[in-house]
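Each residue of the sequence shown is one higher than the last, beginning at 1191 in this note's numbering. In what follows, a single structure is set out as structure tokens and then discussed.
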Amino acid sequence: MRHNLFVPNKMPYAKGKNRPDVPCILCAIVEKNDKVERLEVHRTERFTISLNLYPYSPGHLLIFPNRHVLDVRELDPEEVHELHELQCLCFEALTCAYQPRGFNVGYNMGDASGASIAHFHLHVVPRYPRELGFMDVIGGARIIIEDPNATQEKLVQIFQELTTENYPRKETQNEQSCL
1191 MRHNLFVPNK MPYAKGKNRP DVPCILCAIV EKNDKVERLE VHRTERFTIS LNLYPYSPGH
1251 LLIFPNRHVL DVRELDPEEV HELHELQCLC FEALTCAYQP RGFNVGYNMG DASGASIAHF
1311 HLHVVPRYPR ELGFMDVIGG ARIIIEDPNA TQEKLVQIFQ ELTTENYPRK ETQNEQSCL
């Protein structure tokens, strides 16, 4: 049986309405522009990790280069390696915070892919058992049980803890070793 995933509050944004007046929203986040809502949880010299303003599930993260890049093929080998390390760091941080049962990871490049932002970014979406509830299916509304600012605060702390201890680790941490 096929199921459709709707994020109805994103439609005006995807159509260009209610967007901040900036050339690139991800560049504006990097530049700390006050015109955009910033839900940044971690930053390196080359990349920023931010909560998605329109999450598919609690903890939905975006990893994007601090320089304006349209296509993953524009990344140099060091950036590709760091992107992978940051993806693993996201898995670890989200596991510490929420204990998801799985992850979806991917990116959309180009208009035909459904990309709504013309700046390369990688989605890290934690997945939980029985995600679709009554309101999702019947009401056409998504219930996010945690305020994005609370999610941001929690993840900022976890990312700080994880990155001050010589990340990347060679072993996968279990839930008992989380904060």
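C-beta: ideal position from N, C-alpha, C; glycine also. In this text, all values refer to a predicted model and were calculated from it rather than measured experimentally.
Select from the options the residue whose C-alpha is nearest the C-alpha of residue i.
i: E1231; options: V1220, K1225, S1303; result: The residue you asked about is not Glu; residue 1231 is Val in the sequence shown. That would be V1220, whose Cα lies nearest to the Cα of V1231.
i: F1293; options: Y1318, P1245, P1213; result: Y1318
i: Y1297; options: R1263, A1218, Q1289; result: R1263
i: Q1406; options: R1233, R1291, A1302, I1253; result: Lying before the first or after the last residue shown, residue 1406 is absent from the chain, which here runs from 1191 to 1369.
i: P1295; options: Q1342, G1249, T1354; result: Note on identity: in this sequence residue 1295 is Val, with Pro being the wrong assignment. Nearest option by C-alpha distance: G1249.
i: C1214; options: R1291, L1279, P1245, S1306; result: S1306
Does DSSP classify residue i as helix, strand or coil?
i: M1325; result: Model confidence at M1325 stands at a pLDDT of 44, short of 50, so the residue's coordinates are unreliable and nothing is read from them.
i: L1265; result: coil
i: N1294; result: strand
i: E1272; result: helix
i: P1319; result: coil
i: E1227; result: coil
i: L1260; result: coil
i: P1210; result: coil
Looking at the secondary structure, which residues open and close the beta strand (DSSP E) in which residue i lies?
i: I1239; result: 1237-1241
i: P1255; result: 1251-1255
So, using beta-carbon positions, are residue i and residue j closer together than 8 Å?
i: V1314; j: L1251; result: yes
i: S1247; j: P1316; result: yes
i: L1352; j: A1283; result: yes
i: A1287; j: L1345; result: yes
i: P1210; j: K1225; result: yes
i: R1236; j: E1275; result: no
i: L1216; j: E1227; result: no
Would you mind reading off the limits of the alpha helix (DSSP H) that contains residue i?
i: L1216; result: 1215-1220
i: E1343; result: 1338-1353
Are the segment 1305-1312 and the segment 1256-1273 touching by the rule of at least three beta carbon pairs closer than 8 Å? Short answer: they touch.
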